[in-house]
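Engineer:
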Amino acid sequence: MLDTGNTAWLLTATGLVLFMTLPGLALFYGGLVRADNLLSVLMQCFAIACLVSVLWLVGAYSLSFSGTGPWLGDLDKVLLRGVGREAVTATGIPETVFFMFQMTFAIITPALIIGAIAERMRFGAVLLFSALWLLLVYVPVAHWIWGGGWLQTRGVLDFAGGLVVHLTAGSSALLLAILLGPRAGFPDEVRPPHAPWMTMAGACMLWVGWFGFNAGSALKAGGDAGMAMTVTHISAATAALVWLVIEWVKFDKPSMIGIVTGAVAGLASITPASGYVGPGGALVIGLTGGAVCYFMVGLVKRRFRIDDSLDVFAVHGVGGALGVLLTAIFMDATLGGVGLAEGRSMGDQLGIQCTGLVVTLLWSVVVTFVIVKLVQIITGLRVGAETEEQGLDLRTHGERGYNM
Amino acid sequence: MKYVIAVIQPHRLDAVREALAGIGVQGLTVSEVRGFGRQKGQTEIYRGAEYTTHYVPKVKIEIAVEASICDAAIDAIAQAARSGRIGDGKIFVLPLEGAMRVRTGEMGADAL
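In structure tokens:
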């Protein structure tokens, strides 16, 4: 039975989530790289969006969301076969809308990864990696957790993608950055962000788009969506303030890039929990998300000396994983959440969440490793030293970000 | 005639222009430049990571003046540009052999 209210909201949410990648994430990342690499980042986000869209139609959607197999979906809905205008999902939205909504998640997830490899990976390698990664990492994990697969059956809760989106992307990004190697001059001689204002503009689009991401994941218009939007916003604002305070105390200068990074960390952290927790839980998730992600950025870059260039793992991977664990705690009814499942204790749920986290992490890094080795053989991973020095824009795409 | 080149903090440019106008300097040329002196660049912090900028943005002013007001011009620039902090810049003075106003063909001090 078609529900027009739910349909209207999901149509809107789908637009919001696509807007997160195009241009939100692209600008967020674009401002953080040097001026001669701006277009390469925008281009990678845009091209991945197009590539994933086609793959989603051709088979990725069907393998994620069709059929009831524990490991993988089936091929019944390849090219949306049999899914006409009349096909409606359980919450009364047309399946075409569900298809599009989920597609926007599949788009942003591989696009998140390019932050780790910015300024040095071949364009062809980025596309080939993204295509293989979508099919071999994103699709199975999405099926396991959202498409009726084995982790969903076990009771793993991931409302809008702490595992499916942020941990898969974050952990794969970290491994890819290690295998690709750091930028020339890392860590002491790399160039600072060329346009912090652009990063701020992109972060704001991400924030607004995230309302679609989390509140849309209720798959209907109503109280669940309203609360998801509320906790999303509270977590983002809280984590932003945490980041601000840390920088203010530590460096005596509260930075704009810092506050917007904090907001994104808060958004990633609340994502898996957004359908299950209340505003009090959101405050705590924002607090811990902001603080933990801040310290992870320093740990990855300075202690481990890994050039995850735009901090994909520290902000998205860690935030998402943290939120998945905190979901088990703050979903408790006494803490303002929706309540734990019948007959399941907080400890039980935490154990289940850990299973989901470990499985997602292992699958992501193992499969990413294989994909990277494959791509290395087929296209090679890195641009030449001269291209890296001159910037990818002119050498790879034949354009400049700024003709001044 | 003397040719005076001053490399100063960008935000002091307007003050220097006014000071030079005050002693009768008729025109000047400004360029945005980057460089370093004993200051040796500056540090910026993004997401907790320090980035050293080796070349700091500066403004370079070039003026041509009659020798008689050269010292006054140097004083005017120095006073307007000085904050007392590191990075205030430098002033260089060169002898100037000739000058010409392109429109009229006037030569020497008449062209200034």
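Residue numbers (the working numbering), protein chains in the order written: chain C, 58 to 461; chain D, 808 to 919.
Here a beta-carbon is modelled for each residue, glycine too, at the ideal position from N, C-alpha and C.
1. Note down, in chain order, each residue of its chain lying with its Cβ closer than 7 Å to the Cβ of Ala144 of chain C, except the 5 sequence neighbours on either side.
2. By a C-beta neighbour count over all protein chains shown, 10 Å radius and 16 as the cutoff for buried, is His223 of chain C buried or exposed?
3. Determine which residues share a DSSP beta bridge with Gly896 of chain D and list them.
4. Report the three-state DSSP secondary structure of Val909 of chain D (helix, strand or coil).
5. Based on Cα-Cα distance, which residue from C:Pro197, C:Leu99 and C:Lys358 lies nearest to Trp128 of chain C?
6. With a 10 Å radius around its C-beta and 16 neighbouring C-beta atoms as the bar for buried, classify Leu132 of chain C as buried or exposed.
7. Taking one C-beta from the stretch 825-834 of chain D and one from the stretch 426-433 of chain C each time, how about it: are there three or more such pairs within less than 8 Å?
8. Round the Cβ separation of Trp264 of chain C and Leu324 of chain C to the nearest angstrom and send it over; I've been treating them as touching at under 8 Å.
9. Under 7 Å Cβ-Cβ, which residues of chain D neighbour Phe370 of chain C?
10. With C-beta atoms as the reference, is Lys809 of chain D less than 8 Å away from Ala916 of chain D?
11. If you measure from the beta carbon of Pro329 of chain C to each beta carbon in chain D, is any gap under 8 Å?
12. Strictly under 8 Å for the Cβ-Cβ distance: is Val354 of chain C near chain D by that measure?
13. Taking C-beta pairs closer than 7 Å, name the residues in chain C that Tyr862 of chain D reaches, listed in chain order.
14. Give a yes or no on whether the minimum CB-CB distance between Gly829 of chain D and chain A is below 8 Å.
15. What are the start and end residues of the beta strand (DSSP E) that includes Lys865 of chain D?
16. Which residues of chain C have a Cβ atom closer than 8 Å to the Cβ of Glu851 of chain D, listed in chain order?
17. Identify, in the order they occur along the chain, each residue of the same chain with its Cβ nearer than 6 Å to the Cβ of Met353 of chain C, setting aside the five sequence neighbours on each side.
18. With 8 Å as the limit, tell me which residues of the stretch 290-310 of chain C have their beta carbon closer than that to any beta carbon of chain D; keep them in chain order.
19. Does Arg854 of chain D come within less than 8 Å of chain C when only Cβ atoms are used?
20. Please report the straight-line C-alpha distance between Ala398 of chain C and Leu407 of chain C, rounded to a whole angstrom.
21. Quick one: grab the DSSP three-state call for Gln159 of chain C.
22. Give the DSSP-derived three-state secondary structure of Thr922 of chain D in the structure shown.
23. Against chain D, with Cβ distances strictly below 8 Å, would Gly508 of chain C count as a contact?
24. Once DSSP output is grouped into helix, strand and coil, what is the label at Lys809 of chain D?
25. Looking only at C-alpha atoms, which of C:Leu301, C:Phe85, C:Ala378 and C:Gly335 sits nearest to Thr412 of chain C?
26. List the DSSP bridge partners of Glu851 of chain D.
27. Any chance the stretch 291-311 of chain C sits against the stretch 69-89 of chain C, with 3 or more Cβ pairs inside 8 Å?
28. Counting only beta-carbon separations shorter than 8 Å, does Ser326 of chain C have a partner in chain D?
Structural biologist: Quick look at the numbers:
1. Same-chain partners within the cutoff: Pro151 and Glu152.
2. Taking all protein chains shown into account, His223 of chain C has 16 or more neighbouring C-beta atoms within 10 Å of its C-beta and is therefore buried.
3. D:Ile815
4. coil
5. C:Pro197
6. exposed
7. no
8. 7 Å
9. Chain-order list of chain D residues neighbouring Phe370 of chain C: empty, with the shortest C-beta distance near 13 Å, by a criterion of under 7 Å.
10. no
11. no
12. yes
13. Those do not exist, as Tyr862 of chain D stays about 12 Å from chain C at its closest Cβ, beyond 7 Å.
14. Although the question refers to chain A, the structure presented lacks it and instead comprises the protein chains C and D.
15. Val863 to Val872
16. Simply Pro249.
17. Cβ neighbours of Met353 of chain C beyond the five flanking positions: Ala371 and Val375.
18. Glu304, Lys307, Phe308 and Lys310
19. yes
20. Each residue's CA atom was taken as its position, placing Ala398 of chain C and Leu407 of chain C some 12 Å apart.
21. helix
22. The first residue shown for chain D is 808 and the last is 919, placing residue 922 of chain D beyond what the model contains.
23. This structure does not reach residue 508 of chain C, given that chain C is present from 58 up to 461, and the question cannot be answered.
24. strand
25. C:Ala378
26. Note: Glu851 of chain D sits in a beta bridge opposite D:Tyr858.
27. no
28. no
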